[in-house]
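What follows is a short report on a single structure.
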Amino acid sequence: MHSSSRRRLTAVALSTVVAVTGAACSSGAGSTDTKGSDSGTYTLWDPYPQFAKGSAWVKLLDACGAEAGVKIKRTGYDTSDLANKALLAAQQDNSADILIVDNPVVSTLAEAGVLTTTDDNKLDTSKVDPNLLAAGQSDGKTYGTPIGANTLALYYNKKILKEAGVDVASVKDWTSLTAALAKVKAAGKKGITFSAIGTEEGSFQFLPWFWGAGAQLTELDSAQAVAALSLWKDWLKEGYAPNSVINNTQTTSWQEFAGGDYAFAENGTWQLANAKKAGFEYGVLPIPGADGGSAAAPTGGEFVTLPTQGDTGRYATSQKLATCLTSTQNLYDTDTTLSYVAPTGEVQAQQVAANAELKPWVEAVKAAKGRTSDDLGTRYPKISEQLWKAVQSALSGAKSPKDALTSAQAAVK
Amino acid sequence: MKQTIHPPDHPSAHVRNGAAIAAPPPAPARARRRPASEQWAAWAFLTPVTLYLALFYAYPLYRNLDLSLRDYTVRSFVQGNAPFTGIENYRTVFDDPTFAPALLHTALFTAVCLLFQYVIGLALAVFFTQHFRLSATLRALFLVPWLLPLIVSASTWSWMLNSESGVVNAALHALGIAPVNWLTSPSWSLTSVIIANIWIGVPFNLVVLHSGLQSIPASLYEAAALDGANAWQRFWRVTFPLLRPVSAITLLLGLIYTLKVFDIIWIMTKGGPADASTTFATWSYQLGFGNLLPAFGPGAAVGNLLVVAALVFGLIYLKVQRKQALS
Numbered sequence: 003m004h005s006s007s008r009r010r011l012t013a014v015a016l017s018t019v020v021a022v023t024g025a026a027c028s029s030g031a032g033s034t035d036t037k038g039s040d041s042g043t044y045t046l047w048d049p050y051p052q053f054a055k056g057s058a059w060v061k062l063l064d065a066c067g068a069e070a071g072v073k074i075k076r077t078g079y080d081t082s083d084l085a086n087k088a089l090l091a092a093q094q095d096n097s098a099d100i101l102i103v104d105n106p107v108v109s110t111l112a113e114a115g116v117l118t119t120t121d122d123n124k125l126d127t128s129k130v131d132p133n134l135l136a137a138g139q140s141d142g143k144t145y146g147t148p149i150g151a152n153t154l155a156l157y158y159n160k161k162i163l164k165e166a167g168v169d170v171a172s173v174k175d176w177t178s179l180t181a182a183l184a185k186v187k188a189a190g191k192k193g194i195t196f197s198a199i200g201t202e203e204g205s206f207q208f209l210p211w212f213w214g215a216g217a218q219l220t221e222l223d224s225a226q227a228v229a230a231l232s233l234w235k236d237w238l239k240e241g242y243a244p245n246s247v248i249n250n251t252q253t254t255s256w257q258e259f260a261g262g263d264y265a266f267a268e269n270g271t272w273q274l275a276n277a278k279k280a281g282f283e284y285g286v287l288p289i290p291g292a293d294g295g296s297a298a299a300p301t302g303g304e305f306v307t308l309p310t311q312g313d314t315g316r317y318a319t320s321q322k323l324a325t326c327l328t329s330t331q332n333l334y335d336t337d338t339t340l341s342y343v344a345p346t347g348e349v350q351a352q353q354v355a356a357n358a359e360l361k362p363w364v365e366a367v368k369a370a371k372g373r374t375s376d377d378l379g380t381r382y383p384k385i386s387e388q389l390w391k392a393v394q395s396a397l398s399g400a401k402s403p404k405d406a407l408t409s410a411q412a413a414v415k
Numbered sequence: 044m045k046q047t048i049h050p051p052d053h054p055s056a057h058v059r060n061g062a063a064i065a066a067p068p069p070a071p072a073r074a075r076r077r078p079a080s081e082q083w084a085a086w087a088f089l090t091p092v093t094l095y096l097a098l099f100y101a102y103p104l105y106r107n108l109d110l111s112l113r114d115y116t117v118r119s120f121v122q123g124n125a126p127f128t129g130i131e132n133y134r135t136v137f138d139d140p141t142f143a144p145a146l147l148h149t150a151l152f153t154a155v156c157l158l159f160q161y162v163i164g165l166a167l168a169v170f171f172t173q174h175f176r177l178s179a180t181l182r183a184l185f186l187v188p189w190l191l192p193l194i195v196s197a198s199t200w201s202w203m204l205n206s207e208s209g210v211v212n213a214a215l216h217a218l219g220i221a222p223v224n225w226l227t228s229p230s231w232s233l234t235s236v237i238i239a240n241i242w243i244g245v246p247f248n249l250v251v252l253h254s255g256l257q258s259i260p261a262s263l264y265e266a267a268a269l270d271g272a273n274a275w276q277r278f279w280r281v282t283f284p285l286l287r288p289v290s291a292i293t294l295l296l297g298l299i300y301t302l303k304v305f306d307i308i309w310i311m312t313k314g315g316p317a318d319a320s321t322t323f324a325t326w327s328y329q330l331g332f333g334n335l336l337p338a339f340g341p342g343a344a345v346g347n348l349l350v351v352a353a354l355v356f357g358l359i360y361l362k363v364q365r366k367q368a369l370s
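First to last, the sequence lines map onto chains W and S. For the first sequence, the working numbering gives the first residue as 3, with consecutive numbering after it. For the second sequence, the working numbering gives the first residue as 44, with consecutive numbering after it.
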């Protein structure tokens, strides 16, 4: 008796599941239909949730929409959420028409087949600096165009360096930088802060030193890589850098520097506006290579991409919108608002002419290198994860730099 | 239950009756039909909850199982044609160098948190059964950790335990003790997140155990006192045994809750430095969402291991409870 009623219950439960999944499928199809019929509205996703309605960015979007004769429906997501949101939307065949996404994510989305190539969408990338465009290329195809670039350099606190008797012109390579840190510490101040957290940010901040030593991402356990990690490790050991860097995001690291106790901070273009508010005189220095010269820093910044659509008729308008967003005048305005360096030589010259402070940043961006470049593509995320783990193991003292990098290289293979 | 269920031969009996009696009197027929319509009504009442369960419990669980049994790459995730690979993802997870430390950390984290939360919660609950002035206010204050959003308490702990500027190290310094790298040392980070989680879990234990204590009749304590039992004996011979059912459910709920703790660890240490505080919950997230290139399959596999662990303990609890009910 019990079993018969239980069986009936199972049958009901099963039929509900079938009904529910059926409904879910059909509703999915329904939503794409409405999108097709409502062709006057184009969706755009960006990683700039800080820009609300009425901001220059949103006004620009509206202006570009008006120019193309359509309405733009814009949604701002947190950067770290955007890649997963884009993948899920593509799975539901509900991608945005225009997707502005952090550059190392482009190759992942391209691998997933979410993005159209510039051959298909006819975006013009001829004016873009090739080292910046490389982050959006894989297997010889280009999947979008950069809207702006940023990279890392060393901010320094002029007052602290003066009190410690450091001439900033003497900081040319790792030896002279470490010597400067020693002087600062002897003067009772703190040396340098950076972010070595166990996320992509940690790898991003380590890469200038890694590349500056001459190491390659394809060989994490090279002698040069060990030298770069040992440099950081020794700074922690000597007390030139605080132990908290292991848990620092780039924002918390900046807060430490803005407190006014640190001589140096490794941080990005996007902190320029905050640096002006910090209340002390600061300077910017390219990150030195091991034996002098500027180290290649990784490029940050976003790409404008056009996700694949079921309705291919939408591409023409999407292309118009993307071209409008990346036109010379609009790039200048957008990159000024974002505190980014423009991706084209023409606009970079304009930026430097308007604000001479940007010169070291433009130089740094020209020397910068995409993380997914060298045809690493979707291999980069795995390498990066092992790299930040190795950095964390070495800095926290769990392993020596050499052992940490050896096991990182073994895990990548 | 028994009364509403019809014997299986009922419908045929009904037909036989209907055939035998040419013009059945209306009243008895209606009386016979009523149970059937009652049953339809019962199903109708059941439908919303069945739908809800299927949509929000069964389907996600099925999807998670499905994710863990297929080889998902970003491409096949979007196109939905991931090949079925059986237990391959589970094998990947078991062979991963992170598996053993994550298992150990999950076990340690859960066991130590449960033990301390329960002991401290019980001690406080017994303490608060003695009514004194401001006891209600004080008890309410103890609930604060429970009421705060986790992001707030975890961020606060993370600031307090910061190696450079944290208040804990400042206090240690004042006492002449060398600073501890609470969150950035591989030997301390797990301890730090355990401490924070105990602080968050104590109020729950306090509330449940306190209400359990209310249900123990005061006459038992009087009788024990008359028999010459001291406070210690009264606790071990009266309070503790009578509190056993409440303790069991508190510990079980605490266990399920602690197994899946994610926010505190993620906010305080991100499972680091270098996996030193990684548990299954953070590892599952790390695999699925913590990398630019998500590994959905292995991530789902780790999640399922957690579900199974919680289920096993739930079943053990049910069994123990049934045994207690029988005896």
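No residue lacks a Cβ here, since even glycine has one placed at the ideal position from N, Cα and C. Just so it is clear, the structure is predicted and the values come from calculations on it, not from any experiment.
**Study point:** Near-chain W residues of the segment 199 to 210 of chain S - C-beta to any C-beta below 7 Å
**Key:** Asn205, Ser206 and Glu207
Practice item. Under the assumption that alanine 400 (chain W) contacts proline 229 (chain S) (Cβ atoms under 8 Å), give the Cβ distance between them as a whole number of angstroms. Key: 4 Å
Review point. Any Cβ of chain W within less than 8 Å of the Cβ of leucine 336 (chain S)?
Key: yes
Practice item. Report all residues from its chain with a CB closer than 7 Å to the CB of threonine 321 (chain S); omit the five preceding and five following residues, and keep chain order. Key: Thr141, Pro144, Ala145, His148 and Gly314
Check your understanding: Is it buried or exposed for lysine 391 (chain W), if we count other Cβ within 10 angstroms and need 16 for buried?
Key -> buried
Exercise for review: Would you mind sorting lysine 371 (chain W) into buried or exposed? The rule is 16 or more other CB atoms within 10 Å of its CB.
Suggested key: buried
Review point. Okay, do the segment 116 to 132 of chain W and the segment 230 to 242 of chain W touch, 3+ Cβ pairs below 8 Å being the bar?
Key: no
Review point. At which residues does the alpha helix (DSSP H) containing glycine 193 (chain W) begin and terminate?
Key: Unbroken run through glycine 193 (chain W) is the beta strand (DSSP E), 192 to 195; no alpha helix (DSSP H).
Review point. Quick one: Cα of aspartate 306 (chain S) to Cα of phenylalanine 266 (chain W), how far?
Key: 32 Å
Exercise for review: Specify whether the segment 283 to 300 of chain W and the segment 163 to 180 of chain W touch according to this definition: at least 3 beta carbon pairs, one from each stretch, less than 8 Å apart.
Suggested key: yes
**Study point:** Local Cβ density within 10 Å of asparagine 124 (chain S), reported as buried at 16 or more and exposed below that
**Key:** exposed
Point to revise | Nearest-angstrom beta carbon gap, threonine 251 (chain W) and isoleucine 199 (chain W) [assumed within contact, 8 Å] | key: 6 Å
Practice item. Please decide whether asparagine 224 (chain S) counts as near chain W, where near means a Cβ-Cβ distance under 8 Å. Key: yes
Practice item. Return the CA-CA distance between glycine 216 (chain W) and leucine 378 (chain W), expressed in angstroms with no decimal places. Key: 17 Å
Check your understanding: To the nearest angstrom, how far is it from the Cα of glutamine 257 (chain W) to the Cα of phenylalanine 170 (chain S)?
Key -> 44 Å
Practice item. Kindly indicate which residue of W:Leu117, W:Ala68 and W:Arg76 has the alpha-carbon position closest to the one of glycine 312 (chain W). Key: W:Leu117
Exercise for review: Below 7 Å CB to CB, which residues in the same chain sit around isoleucine 162 (chain W) once its five sequence neighbours on both sides are set aside?
Suggested key: Val186, Lys191 and Ala265
**Study point:** Where valine 121 (chain S) falls: helix, strand or coil (DSSP)
**Key:** helix
Check your understanding: From S:Pro91, S:Glu131, S:Thr93 and S:Leu98, pick the residue whose C-alpha is nearest to that of leucine 110 (chain S); which is it?
Key -> S:Glu131
Practice item. Put isoleucine 100 (chain W) into one of helix, strand or coil per three-state DSSP. Key: strand
Check your understanding: For leucine 233 (chain S) versus phenylalanine 323 (chain S), is the C-beta distance shorter than 8 Å?
Key -> no
Point to revise | Same chain only: Cβ atoms within 6 Å of asparagine 212 (chain S), ignoring 5 sequence neighbours per side | key: Pro222
Review point. In terms of alpha-carbon separation, which member of S:Phe278, S:Leu361 and S:Leu336 lies closest to isoleucine 292 (chain S)?
Key: S:Leu361
Review point. With burial defined as no fewer than 16 other Cβ atoms inside 10 Å of the residue's Cβ, what is the status of tyrosine 342 (chain W): buried or exposed?
Key: buried
Exercise for review: Taking glutamate 268 (chain W) and leucine 90 (chain W) to be in contact with their CB atoms under 8 Å, please state how far apart those CB atoms are, rounded to whole angstroms.
Suggested key: With a Cβ gap of about 34 Å, glutamate 268 (chain W) and leucine 90 (chain W) do not count as contacting.
**Study point:** Backbone secondary structure at isoleucine 385 (chain W) - three-state DSSP
**Key:** helix
Check your understanding: Which stretch, first to last residue, makes up the beta strand (DSSP E) that contains glycine 295 (chain W)?
Key -> Note, glycine 295 (chain W): premise wrong, no beta strand (DSSP E); not H, not E.
Check your understanding: Under the rule that 16 or more other beta-carbon atoms within 10 Å means buried, what is arginine 365 (chain S), buried or exposed?
Key -> exposed
Review point. How many angstroms separate the CA atom of leucine 333 (chain W) from the CA atom of alanine 344 (chain W)?
Key: 7 Å
**Study point:** Counted within 10 angstroms of its Cβ, other Cβ atoms place glycine 255 (chain S) as buried (16 or more) or exposed
**Key:** buried
Review point. Using the C-alpha atoms, what's the distance from tryptophan 213 (chain W) back to isoleucine 194 (chain W)?
Key: 19 Å
Check your understanding: Would a check of beta-carbon distances place alanine 92 (chain W) closer than 8 Å to chain S?
Key -> yes
Point to revise | Same chain only: Cβ atoms within 6 Å of serine 97 (chain W), ignoring 5 sequence neighbours per side | key: Ala91 and Pro309
Practice item. Determine, using beta carbons only, whether tyrosine 44 (chain W) and serine 320 (chain W) come nearer to each other than 8 Å. Key: yes
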